[in-house]
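Structure, as structure tokens:
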Amino acid sequence: MPSRPLILILDDNTDNLSIMRETLNSKNPSWEILTAQGEAEGLQCLQDQLQKGQPVDVVITDLVMEHETSGMSVLQRSRQLDPQVMTILFTAREQSLDRYRAFELGAFDVVEKTIRGQSAIREINVKTRAALGYKAWSQHIAYLRRYFDPRLFETIERDPSLLKDDRKVVTICFWDIRGFSRLCESLKAHPRLISAFLREYSELGAKTIFAHDGLLDKFIGDGIMALFGVLNHKDDEGRSDAKSAVQAARQLREAFEKLLPIWMERWSLYTADRIDIGLGCGIHTGEVIVGNVGTTFRDQFTALGPPVNFASRIEARARSGQILLSQSTLARVQETIACQPAGEISDIKNIPGTFPLYEVL
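This note's numbering numbers the first residue of the sequence shown as -5 and each following residue consecutively.
In structure tokens form, the structure reads like this:
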């Protein structure tokens, strides 16, 4: 939802339209309020706003306009045009209102105005604010669904407080495809070959992360960031989460190596250049702030803190097919996962020191 909510009021009485618009505007100067005189004009306005890419957030419509059930028609058609729109139905003719039918058609709420006046408009104002809040919440929930395994998301829906900012020890994974920029340059005349591959690779990454109870933080071009231990955290100093992260990295490496030959064959039809790409991975365990970090323009559930930068720098050191761990991750997995020393890293901005790295065998 945009930072400036867009409200559309429908009524066939111009005086009522003017009063309602002025009253709502005076109480909510940040709202952009459009008006339409009747059903046909209102639906056309809804359609025009969608075509502009500026959909209406809340429709407030009178029930009786051109016809006894014009408001019902607006309710049904507006939901067909935009399933995300919130609709509030109002009427001064209570006998014409089928409240159950209104809710079946998707009305957010109904206001019965037995006497037209400021008290009814105040109620409409309160319910419009509630509709805007509900829309923002539902869009946020829809946004979050993309980043969590459906099994974990059921837990979030039952207890949204789990998303509050909090300090946690988590294991952070970064993946990136080595040699991908050169491949894009070689195939710049065939962008669909690149986008189709990225889509398949991204879906593979998400499924692998979810299979190991991880959280998909973000896609960054051909890179992926994931967190392990955000919700399914166990009281074992992060050992289970670190093992899950490494197991996910190994599984994704194996799946990537199976996917690659299929795409190499396709790409070779369109470029004579040598194709040499591979997946690199860096993993680090540390204490970060995890939660919903956002503005009125954009939300992001993510992790913040130096360990995130550290994990990213480890990933930058990984060669094709290599999974590199920090010492703090190694300490949590070394009893069950074979690793070997893989050099040191010491040039991390704002993190002084020399840090050993380990490669998963």
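The beta-carbon is built from N, C-alpha and C at its ideal position, and this holds for glycine as well.
Item                                                                                                  : Value
Residue interval of the beta strand (DSSP E) (run including T55)                                      : V52 to D56
9 Å Cβ cutoff met for V284 and T296                                                                   : yes
Which listed residue (D51, E98, L18 and T202) has its alpha carbon closest to that of V79             : D51
Integer-rounded CB distance, given that G274 should sit under 8 Å from R313                           : 6 Å
Strand pairing of D170, partner residues [DSSP]                                                       : G274
From E338, E353, M14 and V163, residue whose alpha carbon lies closest to that of I231                : Reading the sequence as shown, one finds Glu at residue 231 and not Ile. Checking every option, the nearest Cα to that of E231 belongs to V163.
Reduced DSSP secondary structure (H/G/I, E/B, other) of T265                                          : coil
Reduced DSSP category for T330 - H, G, I as helix; E, B as strand; rest coil                          : coil
Rounded C-alpha distance that separates I342 from T348                                                : 9 Å
Exposure of A332, with buried meaning 16 or more beta-carbon neighbours within 10 Å                   : exposed
Beta-ladder partner(s) of P350, from DSSP                                                             : E338
Reduced DSSP category for A30 - H, G, I as helix; E, B as strand; rest coil                           : strand
DSSP-derived helix/strand/coil call for A312                                                          : coil
Nearest to F174 (by Cα), restricted to the options P77, C167 and Y195                                 : Y195
Span separating the alpha-carbon of P77 from that of T63                                              : 20 Å
Span separating the alpha-carbon of T85 from that of M59                                              : 10 Å
Touch test, the region 166 to 183 against the region 212 to 227, Cβ-Cβ under 8 Å, three pairs minimum : yes
Contact under 9 Å by Cβ, F102 with I82                                                                : yes
Cβ-Cβ distance between G272 and L254 below 9 Å                                                        : yes
Residues near Q70 by beta carbon distance below 7 Å, same chain, minus five either side               : L99
S189 at chain B interface by Cβ criterion, 9 Å                                                        : The structure shown contains no chain B; it holds only a single protein chain.
Cα-Cα separation, L2 to A242                                                                          : 48 Å
Sequence ranges, alpha helix (DSSP H) only - wholly within the region 81 to 128, length at least 4    : 93 to 98
Beta carbon of G199 nearer than 9 Å to that of L246                                                   : yes
Neighbour-count burial assignment, Y94, 16 or more Cβ in a 10 Å radius                                : exposed
Classification of L4 by the beta-carbon crowding that lies within 10 angstroms, buried from 16 upward : buried
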